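Visitor: Residue numbers (our numbering): 5 to 118. Built from N, CA and C at the ideal position, the CB exists for glycine as well. Since the model is a prediction, treat every value here as computed from it, not as a measurement.
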């Protein structure tokens with residue numbers, strides 16, 4: 005369910021769903037989920053017009069993904085990392101990240117979420 009919410013752009017709901025999973029994990033999985041949550045919340049900030057908050061959270065989220073690349077928890081993190089990084093770069097250069105595809109997550113084998 006968390007994966008589907010994230011990929012549909014339901015950022016706040018995806019944050020809630022991944023947060024439930026986050027509470028059940030220990031590091032390094034906990035850190036990875038925190039990164040995914042931060043990327044989702046960054047997009048909530050974008051929806052609300054808070055580019056500065058989005059920039060900060062995207063940067064932090066991307067940083068938390070790096071240790072888990074290319075895959076973890078049954079997720080292919082490569083595309084998420086690339087798309088989030090591209091959006092961060094656009095934000096850092098005062099561009100419009102909505103001109104780029106939104107970040108997405110894909111399953112390597114097992115779906116994530118209840």
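Can you say whether residue 30 is buried or exposed, counting buried as having 16 or more other CB atoms within 10 angstroms of its CB?
Guide: When all chains shown are included, residue 30 counts as exposed.
Visitor: Taking the straight line between their C-alpha atoms, what separation do you get for residue 105 and residue 20?
Guide: When rounded, the distance between both Cα atoms is 22 Å.
Visitor: According to DSSP, simplified to helix, strand and coil, what is residue 110?
Guide: Strand, per DSSP.
Visitor: Looking only at its own chain, which residues have a Cβ that is under 7 Å from the Cβ of residue 70, when we skip the five neighbours before and after it?
Guide: Correct list: empty, nothing qualifies.
Visitor: Less than 8 Å between the CB atoms is what I'm expecting for residue 7 and residue 109, so what's the real figure, rounded?
Guide: About 5 Å separates the two Cβ atoms, so the contact holds.
Visitor: Please determine, among 42, 46 and 112, the residue with the shortest C-alpha to C-alpha distance to residue 78.
Guide: Out of 42, 46 and 112, 112 has the C-alpha closest to the C-alpha of residue 78.
Visitor: So for residue 92, helix, strand or coil by DSSP?
Guide: Three-state result, residue 92: helix.
Visitor: Can you find the residues in the same chain that come closer than 6 Å, C-beta to C-beta, to residue 65, ignoring five residues on each side of it along the sequence?
Guide: Closer than 6 Å at Cβ, skipping near neighbours: 39, 42 and 43.
Visitor: When burial is assigned at 16 or more other CB atoms within 10 Å of the CB, is residue 73 buried or exposed?
Guide: So residue 73 ends up on the exposed side.
Visitor: Label residue 46 either buried or exposed according to how many other C-beta atoms from any shown protein chain fall within 10 Å of its C-beta, with 16 as the threshold for buried.
Guide: Result: buried.
Visitor: Please state the DSSP three-state secondary structure of residue 84.
Guide: In the structure shown, residue 84 sits in a helix (DSSP, three-state: H, G or I).
Visitor: Whole angstroms are fine: how far does the CA of residue 107 sit from the CA of residue 85?
Guide: The alpha-carbon atoms of residue 85 and residue 107 are separated by roughly 8 Å.
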